[in-house]
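Enquirer: For the sequence shown, this note's numbering gives the first residue as 149, with consecutive numbering after it. Cβ atoms here follow ideal geometry from the backbone N, Cα and C, with glycine treated the same way. Being a predicted model, the structure only gives us computed values, none of them experimental.
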Amino acid sequence: MPRQNRVQPTGDILAHPARGQFMGNRGILHDNHGQLSKARWRHKAWVCCVTKFKGRKRTLMAPGHYTELFFHDEAVALAAGHRPCGECRRPDFNAYLGAAEHRGKVIEFDKVLHAARAIPRIFGQRHHQAVASDLPDGAFILDEDGIPALIWQEALRPFSPSGYGVATRLPMGLVTVLTPEPSLLALKNGFALQIDRSLLQGSRA
């Protein structure tokens, strides 16, 4: 039985058997029985981590320890509101903050990112509008059917918990954007996110 720890670009957290390329942390979101609470975060430092680091071993959803969340790839993690971890991904962390044009303490950046990604009290995901052709590769939007989709190489790739579907034409005009604006800025300024390898090979996930 898969655990409820697979994060979607919309911020939803599902139980799904597919493995993720990255792990994330928002604090303790589960109870002693491994069930998620209504809360979707306990702090503002939402990080995106590698799944293996210095041989460390963790028991998933152990009582009193942070809830291990998983992402299909880094594009999904950024859309859900996370940023690279400063410990296990230090070079990516530095590159991301530089591309996001942040100078100073990361705690201040996390406040800005949190305001851009989250709707308080209802634990919702904040969206905004933008012209599709102005968005960088790696950005997530909602397509005309309300399905999360990745902008990649001047096309749109619909997303499901299993991965990316067949490329379709990029829409015209305004679209609903899932990726928070600070992460969009990082992507526009050249942050090289780690994407599903099937997209790099030009094949369907």
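Looking at the secondary structure, which residues open and close the beta strand (DSSP E) in which Arg265 lies?
Expert: Within the sequence shown, numbered from 1, the residue matching residue 265 stands at position 117. Where Arg265 is concerned, there is no enclosing beta strand (DSSP E), although the alpha helix (DSSP H) it sits in stretches over 254-265.
Enquirer: I think Thr199 touches His275, with their Cβ atoms under 8 Å apart; what is that distance to the nearest whole Å?
Expert: Here residue 199 refers to the residue found at position 51 when the sequence shown is read from its first residue. Here residue 275 refers to the residue found at position 127 when the sequence shown is read from its first residue. Rounded, the Cβ-Cβ distance is 28 Å, inconsistent with contact.
Enquirer: Please report how far the alpha carbon of Ala360 lies from the alpha carbon of Pro309, in whole angstroms.
Expert: Because the chain is modelled from 149 through 353, residue 360 falls outside the range shown and cannot be assessed.
Enquirer: Please state whether DSSP places Leu332 in a helix, a strand or coil.
Expert: As a first step, residue 332 is located in the sequence shown; it is residue number 184 there, counting from the start. Reduced to three states, the DSSP call for Leu332 is helix.
Enquirer: Contact between the region 249-262 and the region 325-339 is defined here as three or more beta-carbon pairs at a separation below 8 Å; is this criterion met?
Expert: Contact holds between the region 249-262 and the region 325-339, because three or more Cβ pairs, one in each stretch, are under 8 Å apart.
Enquirer: Identify which residue in Ala297, Pro232, Leu304, Ala243 has its Cα closest to the Cα of Phe170.
Expert: Numbered from 1 along the sequence shown, position 22 holds the residue referred to as residue 170. Cα-wise, what sits closest to Phe170 is Pro232.
Enquirer: Just verifying my parser: in three-state terms, what is the DSSP assignment at Ser281?
Expert: Reading the sequence shown from its first residue, position 133 is the one you call residue 281. It is helical.
Enquirer: Whose C-beta lies closer than 8 Å to the C-beta of Pro163 among residues of the same chain, with five residues either side of it excluded?
Expert: As a position in the sequence shown, residue 163 is number 15, starting the count at 1. Looking at the sequence shown, residue 163 is not Pro but Ala. Excluding sequence neighbours, Ala163 sits near Met149, Pro150, Arg151, Gln152, Asn153, Arg154.
Enquirer: Based on Cα-Cα distance, which residue from Gln156, Ala193, Tyr214 lies nearest to Gly182?
Expert: Counted from its first residue, the sequence shown places residue 182 at position 34. That would be Tyr214, whose Cα lies nearest to the Cα of Gly182.
Enquirer: Check whether the region 333-340 and the region 288-302 touch, using three or more Cβ-Cβ pairs below 8 Å as the test.
Expert: no
Enquirer: Helix, strand or coil for Val224? Go by DSSP, reduced to three states.
Expert: As a position in the sequence shown, residue 224 is number 76, starting the count at 1. Note: Val224 maps to helix in three-state DSSP.
Enquirer: Might you give, ordered along the chain, the residues of its own chain that have their beta carbon closer than 7 Å to the beta carbon of Cys196, omitting 5 neighbours on each side?
Expert: The residue labelled residue 196 in the question sits at position 48 within the sequence shown. So the qualifying residues of the chain are Phe170, Gly172, Phe219, Glu222, Ala225, His230, Arg231, Pro232, Cys233.
Enquirer: With a 10 Å radius around its C-beta and 16 neighbouring C-beta atoms as the bar for buried, classify Thr207 as buried or exposed.
Expert: The count along the sequence shown starts at 1 and reaches residue 207 at position 59. It is exposed - the Cβ of Thr207 has fewer than 16 other Cβ atoms within 10 Å.
Enquirer: Please name the residue or residues paired with Asn337 in a DSSP beta bridge.
Expert: Reading the sequence shown from its first residue, position 189 is the one you call residue 337. Looking at the DSSP assignment, Asn337 forms no beta bridge with any residue, so it has no partner.
Enquirer: How is the beta strand (DSSP E) around Pro239 delimited, first residue to last?
Expert: Here residue 239 corresponds to residue number 91 of the sequence shown, with the count starting at 1. Careful: Pro239 lies outside any beta strand (DSSP E), inside the alpha helix (DSSP H) at 238-247.
Enquirer: With a CB to CB cut of under 8 Å and the five nearest residues on each side skipped, what residues in its chain are close to Pro96?
Expert: Since the first residue of the chain shown is 149 and the last is 353, residue 96 is not available in this structure.
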